[in-house]
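For reference, the structure is listed below as structure tokens.
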Amino acid sequence: MDKSTEIVKKLKLTVTPFKVFQKSAFIKDMFNTPLEVAKFTGACLRTVSGIRGQIKKSVHNPPGGFRATFEDQIQMSDIVFVRTWYPVDLPQFYNTVTSLLLPPDKKNSWKGMRTVGQIRREENIPVLQKEDSNYKPIERKPQRYKPLIIPKSLQQALPFKSTHKNIAPKQEPFKRVAVVKDPKEAKMSKMMKMLRELYKHKQYEDRCKMRERVDNHRAQMAIDEERKLKRLKDIKKVVYRRMGKAEQSKKEAEDDDI
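In this text, residue positions in the sequence shown follow the working numbering: the first is 386, and each later residue adds one.
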């Protein structure tokens, strides 16, 4: 029966490429030696944007650098990471325990060696940490993107929601300074406010009276216009009647001459 155990450590290594081609790139600072690259040859890579890749072969310069292939072309600013499991070799230790051969009275009182965890807990000994195992601050350069320029021919074909709009920036409202008035100034401002209200009310009444006068004037003009049209109509009737009689008498005189 195989009672051996295999312990592996989860690794996530993140780097950026230093040279990019069509569908391949050269990557450094992920490993230190070509031997480490050889151990991870064929491992799956992945970028933050989701492009998958694979580790191929190590390169001579820089040490620990390698060539990798990807599904699509990546950018120099892409972060490439690999997730893998690295086996951890444990030293085998064997110590003979003869507790079952002890007499019955000593067998029940026998205690084995304390574990490291028990010793640390009982003696209040902190766990030693290596400097290389601590997280290091990530220093990234600020990314600068080129401005998006859309051709005019394409802008005309875009929907209104996506078109560029020249809107003036909103201005912040003017903040006034709070003024604390004394009783005399407060009384004066109150009186001025009352005068302004009275002036507004008087203007409103004047506008109402003016509208009323205008309406009455328009109504009177309509009545006068109607009378004028009626008088012109009567005059036209009289004129046409006289013209008809004159034409008829002239016609009768011509018939008598014949």
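Positions of the beta carbon are idealized from the N, C-alpha and C atoms, including for glycine.
Going by Cα to Cα distance, which pick from 507, 463 and 565 is closest to residue 526?
463
Nearest-angstrom Cα separation, counted from residue 485 out to residue 505:
28 Å
3 or more residues per run - each beta strand (DSSP E) lying fully within the region 485-528
Taking only runs of at least 3 residues, no beta strand (DSSP E) segment lies wholly in the region 485-528.
Residue 541 versus residue 534: straight-line alpha-carbon distance, rounded
14 Å
Distance, residue 627 Cα to residue 620 Cα:
11 Å
Backbone secondary structure at residue 545 - three-state DSSP:
Residue state for residue 545 is assigned as helix, using DSSP reduced to three classes.
Sequence-distant residues of the same chain with beta carbon closer than 6 Å to residue 468, five excluded per side
397
How about residue 465 and residue 432: are their beta carbons less than 7 Å apart?
yes
Around the Cβ of residue 435, are there at least 16 other Cβ atoms within 10 angstroms (buried) or fewer (exposed)?
Residue environment: residue 435 is assigned as exposed (fewer than 16 neighbouring CB atoms within 10 Å of its CB, all protein chains considered).
Length of the line joining the Cα atoms of residue 555 and residue 547:
21 Å
Straight-line Cα distance separating residue 470 from residue 460:
27 Å
List the residues that DSSP assigns as beta-bridge partners of residue 395.
470
How big is the Cα-Cα spacing for residue 404 and residue 458?
11 Å
Under 8 Å: do the region 473-480 and the region 434-449 share three or more Cβ pairs, one atom per stretch?
In short, these stretches do not touch, since the Cβ pair count stays below three.
Helix, strand or coil for residue 608 per DSSP?
helix
Reduced DSSP secondary structure (H/G/I, E/B, other) of residue 430:
Of the three classes helix, strand and coil, the one that applies to residue 430 here is strand, per DSSP.
Alpha carbon of residue 443 to alpha carbon of residue 496, nearest angstrom:
Near 53 Å, if we compare the C-alpha coordinates of residue 496 and residue 443.
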